[in-house]
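Participant: I'd like to ask some things about the structure below.
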Amino acid sequence: MSGYLDTPEGRRIAFNRTDGAGPGVVFLGGFRSDMDGTKALALEAWARAQGRAFVRFDYSGHGKSGGTFEAGCIGDWFEDARAVISAQAAGPQVLVGSSMGGWVSLLIAREMPETVAGLVTIAAAPDFTEDSMWAGFTDAQRAELLTTGQTTLSSDYGAPYIITRRLIEDGRDRLVLRSPLPLPFPTRFLQGTADADVDLSVALRLLAHAGGDDMRLTLVKGADHRFSTPDCLRLIEDSVAEVLARIGG
1 MSGYLDTPEG
11 RRIAFNRTDG
21 AGPGVVFLGG
31 FRSDMDGTKA
41 LALEAWARAQ
51 GRAFVRFDYS
61 GHGKSGGTFE
71 AGCIGDWFED
81 ARAVISAQAA
91 GPQVLVGSSM
101 GGWVSLLIAR
111 EMPETVAGLV
121 TIAAAPDFTE
131 DSMWAGFTDA
141 QRAELLTTGQ
151 TTLSSDYGAP
161 YIITRRLIED
171 GRDRLVLRSP
181 LPLPFPTRFL
191 QGTADADVDL
201 SVALRLLAHA
211 GGDDMRLTLV
221 KGADHRFSTP
231 DCLRLIEDSV
241 AEVLARIGG
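Dropping the structure here:
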C-alpha cells in the first residue's frame, strides 16, 4: 500500500506499507536519499518473502514527500519518522536506519522506546551535523552560515548540499552521543571499513557509548558508504533476521 500521511506538524509524508506478521520492520533512509533506494527495496522484497510487515517512507523534503530539503532539519525528520511509525506500524518494530536514518532511529529509541523491538543500523551517522559538518567547516564557511543562514558543502553524490544554520543548530538539540543512550533490545551495527562519509571511529564510539546487553558491531572490509553490494544487502537481511530471532518474532 502506497499513500501519504499528514503529520501533526503539517508535513505531507509519502510511505509504502507491506502488510504481514509482526514485529514489523521499518526502514529509515539517509540524508537526501529516498525510499526507492537499493537497500530499502531489497529489504522490502526480503520482508515480503518472509511474510513480514514492512514500512519505508520519505522524510519531508526527500523523495515523494512534500516540502523542500533545505527547509528541513534532524528534528523535522525525527518527527516525520515518529508520525509514520505511530500511524503505519502496529506494535514494536525492528528499525533499520541507514546513515542519517541511524541517527533518527536512535532518537526514536530514546524518545519512544516502547515502539522499538530491535535495531539494525547501516553506517550510522549520529551527531553528524556537529561532529562532521560543523567541525569540518572552514572559518569562512562558519562565518557564511552564521551571517547568511546557509553555506554549501561538496558532495560525492551530485550537486553540492546547501547546509542551513537551522540544520546545524537543531542538530545540537538532538545529539545522542553526549548523554546516556540505553538500547535495551537486540542491536546490530553494520559498518564498512572503506566508508568515506562515516569514519570507522563513529561506529566504535557508538558501540562504546550505547548501553545494552545484546549489541554487536560488524565491520565489512572494503565496503563503502552505500553498503549495497549483494553481500552487504545479504548481511543487512541476515542481521534483521537475527534480531527477529532474538526477540522471538
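Quick note on numbering: the sequence shown equals residues 1 to 249 in UniProt numbering. Backbone N, C-alpha and C define an ideal beta-carbon position, used for all residues, glycine too.
1) Rounded to a whole number of angstroms, what is the C-alpha to C-alpha distance between Gly75 and Trp46?
2) Using C-beta distances below 8 Å, list every residue in its chain close to Gln150, excluding the 5 sequence neighbours before and after it, in chain order.
3) Using a Cβ-Cβ cut-off of 6 Å (strictly less than) and excluding sequence neighbours within five positions of Ala42, which residues of its own chain qualify?
4) Looking at Phe27 and Ala123, is the spacing between their C-beta atoms short of 9 Å?
5) Between which two residues does the beta strand (DSSP E) carrying Val55 extend?
6) So is Asp107 buried or exposed if we call it buried at 16+ other beta carbons inside 10 Å?
7) Alpha carbon to alpha carbon, how far is Ser2 from Arg172? Give it in angstroms, no decimals.
8) Do Thr187 and Thr115 have their C-beta atoms within less than 9 Å of each other?
9) Could you give the first and the last residue of the continuous alpha helix (DSSP H) run that contains Gly101?
10) What separation, rounded to the nearest whole angstrom, lies between the Cα atoms of Arg52 and Ala194?
11) Distance, Cα to Cα, Ala241 vs Leu190?
12) What residue range does the alpha helix (DSSP H) around Leu145 cover?
Facilitator: So, from the listed chains and residues:
1) The residue given as residue 75 occupies position 75 in the sequence shown. The residue given as residue 46 occupies position 46 in the sequence shown. When rounded, the distance between both Cα atoms is 30 Å.
2) The residue you call residue 150 lines up with position 150 of the sequence shown. Cβ within range, chain order: Glu70, Glu144, Ile162, Ile163, Thr164 and Arg165.
3) Start at 1 with the first residue of the sequence shown, and residue 42 comes out as number 42. Excluding residues within five positions, the ones whose Cβ falls inside 6 Å are Leu233.
4) By one-based count along the sequence shown, residue 123 stands at place 123. By one-based count along the sequence shown, residue 27 stands at place 27. Contact flag unset, no.
5) Counted from its first residue, the sequence shown places residue 55 at position 55. Note, Val55: beta strand (DSSP E), Arg52 to Phe57.
6) The residue labelled residue 107 in the question sits at position 107 within the sequence shown. Residue 107 is actually Leu in this sequence, not Asp. Buried.
7) Looking up residue 172 in the sequence shown gives position 172. Looking up residue 2 in the sequence shown gives position 2. Distance between the alpha carbons of Arg172 and Ser2 is about 34 Å.
8) The residue you call residue 187 lines up with position 187 of the sequence shown. The residue you call residue 115 lines up with position 115 of the sequence shown. The answer is no: Cβ separation not under 9 Å.
9) Residue numbering aside, residue 101 sits at position 101 when the sequence shown is read from its first letter. Met100 to Glu111 is the extent of the alpha helix (DSSP H) around Gly101.
10) The sequence position of residue 52 within the sequence shown is 52, counting from 1. The sequence position of residue 194 within the sequence shown is 194, counting from 1. If you take the alpha carbons of Arg52 and Ala194, they lie about 32 Å apart.
11) As a working note, residue 241 is residue 241 in the sequence shown. As a working note, residue 190 is residue 190 in the sequence shown. Spanning the two alpha carbons is a distance of roughly 14 Å.
12) Your numbering for residue 145 matches position 145 in the sequence shown. Per DSSP, Leu145 belongs to the alpha helix (DSSP H) from Asp139 to Thr148.
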